[in-house]
Amino acid sequence: MDVVSVIAVFQLLRAASGFSSGAPQDFCQYENLQDRNVKMVPGHRGTEAMNTQNPAGYRIIVGPEDSNGGRRVTLKADPGDYFRGFFIQATRANYALDRGDRPAYGTFRPADTNSQARRCRSAVGKVGGITHTGNNNKTEISFDWEPPRGCDLGDIQFVATVVRAYSEYWVDVRSDVIKPSGFIGDRGLLCQLYVNPYSKILQRRVLSALRNIQTMQQRRGTGSGSLATQG
Ligand SMILES: *[C@@H]1O[C@H](CO)[C@@H](O)[C@H](O)[C@H]1NC(C)=O
53 MDVVSVIAVF
63 QLLRAASGFS
73 SGAPQDFCQY
83 ENLQDRNVKM
93 VPGHRGTEAM
103 NTQNPAGYRI
113 IVGPEDSNGG
123 RRVTLKADPG
133 DYFRGFFIQA
143 TRANYALDRG
153 DRPAYGTFRP
163 ADTNSQARRC
173 RSAVGKVGGI
183 THTGNNNKTE
193 ISFDWEPPRG
203 CDLGDIQFVA
213 TVVRAYSEYW
223 VDVRSDVIKP
233 SGFIGDRGLL
243 CQLYVNPYSK
253 ILQRRVLSAL
263 RNIQTMQQRR
273 GTGSGSLATQ
283 G
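Take 53 as the starting number for the sequence shown in my numbering and just add one per residue.
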């Protein structure tokens, strides 16, 4: 790892966007952790999620693992139903939606023009979500999801907010639990932080490790050239 990675690891990626062209950025981005819209609730004034009145008529179907540990995922409306908007993340299995330290995992690639990937702020590695591009009626959308290489995430679940109309939306629509896939084994320090991004202990350990690497590199760069002369 080099100094550039030290910067990249704690980079804050931000962009502006409106509701009609996808979920707002604060589903993924935040200045302060407490401002993050961890529940993924649309900011539709005077409305409430439909969950308690009607069960959601939507399913998230997760395909088999490919050779990179990636999966094809489909959000599908029940027959006769449809949706207009959505936001989907991968998260820890059976972990309450509103827990402030709920992580988001992996990167997303749209399968067609109905969806667009979103980069989320993350402590380490690439983390994303996926949202709609327009408010046309849709019966299903698909995308590809990829976990980080060489990092065992444990059990995960896809979780969606699905919008049918301004005052008709469902939160916490979940896929089945996906068992560990791809690399399974001991977690390195960066992988531990990826899995538990809000752990203060892990954040401190990673920062300290990165500082040590930086110091070593500075010594190598400005020192007596002992490494270079050793050939
Ligand atoms: C979407 O579907 C609803 C219900 O069938 C219908 O009322 C509405 O006109 C449709 N919207 C568009 C843009 O097709």
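All residues carry an ideal CB built from backbone N, CA and C; glycine is no exception. In this text, all values refer to a predicted model and were calculated from it rather than measured experimentally.
Take the alpha-carbon of Arg171 and the one of Ile140: they are about 12 Å apart. No heavy atom of ligand 1 is found nearer than 7 Å to the CB of Tyr221. Across the structure, Tyr221 and Gln266 are spaced so that their CA atoms are roughly 48 Å apart. A residue is called buried once 16 or more other Cβ atoms fall within 10 Å of its Cβ, and Gln105, having fewer, is exposed. 8 Å or more divides the Cβ of Lys190 from the Cβ of Asp207. Relative to the Cα of Gln86, the nearest Cα in the group Ala148, His96, Thr183 and Gly152 belongs to Gly152. For ligand 1, the residues with a Cβ under 7 Å from any of its heavy atoms are, in chain order, Tyr134, Asn188 and Asn189. Distances from the CA of Val176 to each of Met102, Phe79 and Gln255 were compared; the closest alpha carbon is that of Gln255. Distance between Tyr134 and Gly109, taken at the CA atoms: about 8 Å.
Pairing Phe160 with Val215 gives a Cβ-Cβ distance that is not under 8 Å. By the criterion of a C-beta distance shorter than 8 Å, Val125 is surrounded in its chain by Ile112, Ile113, Val114, Gly115, Ile140, Ser194, Phe195, Asp196, Trp197, Phe210 and Ser227, once the five residues flanking it on both sides are discounted. In the structure shown, Ala261 falls within a helical segment according to DSSP collapsed to helix, strand and coil.
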